[in-house]
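Undergrad: Handing you a structure now.
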Amino acid sequence: MIPNDPVMLLSYVNLKLRDYYHSFEDMCGDMDISKEMVLEKLASIDYHYDGEKNQFV
53 MIPNDPVMLL
63 SYVNLKLRDY
73 YHSFEDMCGD
83 MDISKEMVLE
93 KLASIDYHYD
103 GEKNQFV
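Those letters in the sequence shown? Residues 53 to 109, per this note's numbering, in order.
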């Protein structure tokens with residue numbers, strides 16, 4: 053289960069991307085989570101995925 057709060061989700065996702073996954077797509081596929089849901093929740097607090105940095109900024 054991933055955090056529901058957007059700020060907690062941001063921290064959780066960036067930690068997973070930094071420590072375990074080479075891309076956002078890999079993380080979503082491996083964890084079986086909705087890419088669109090994560091993008092939407094994080095966009096609500098003005099964070100967007102940066103593929104070069106492999107994190108939400």
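C-beta atoms are modelled at their ideal positions from N, C-alpha and C, and glycine is treated no differently.
Applying the 10 Å Cβ sphere with the 16-neighbour rule, what's the burial state of S93?
TA: For the sequence presented, residue 93 should be read as Lys rather than Ser. Buried.
Undergrad: Using DSSP with H/G/I as helix, E/B as strand and the rest coil, what is Y64?
TA: helix
Undergrad: Considering just the uninterrupted stretch of the alpha helix (DSSP H) at D82, what are its terminal residues?
TA: 76–83 is the span of the alpha helix (DSSP H), which, as asked, contains D82.
Undergrad: Can you tell me where the alpha helix (DSSP H) with V109 in it begins and where it stops?
TA: Taken as a continuous stretch (DSSP letters only), V109 belongs to no alpha helix (DSSP H), as it is neither H nor E.
Undergrad: If we ignore side chains and look at the alpha-carbon of each, how far apart do F108 and S96 end up?
TA: 12 Å
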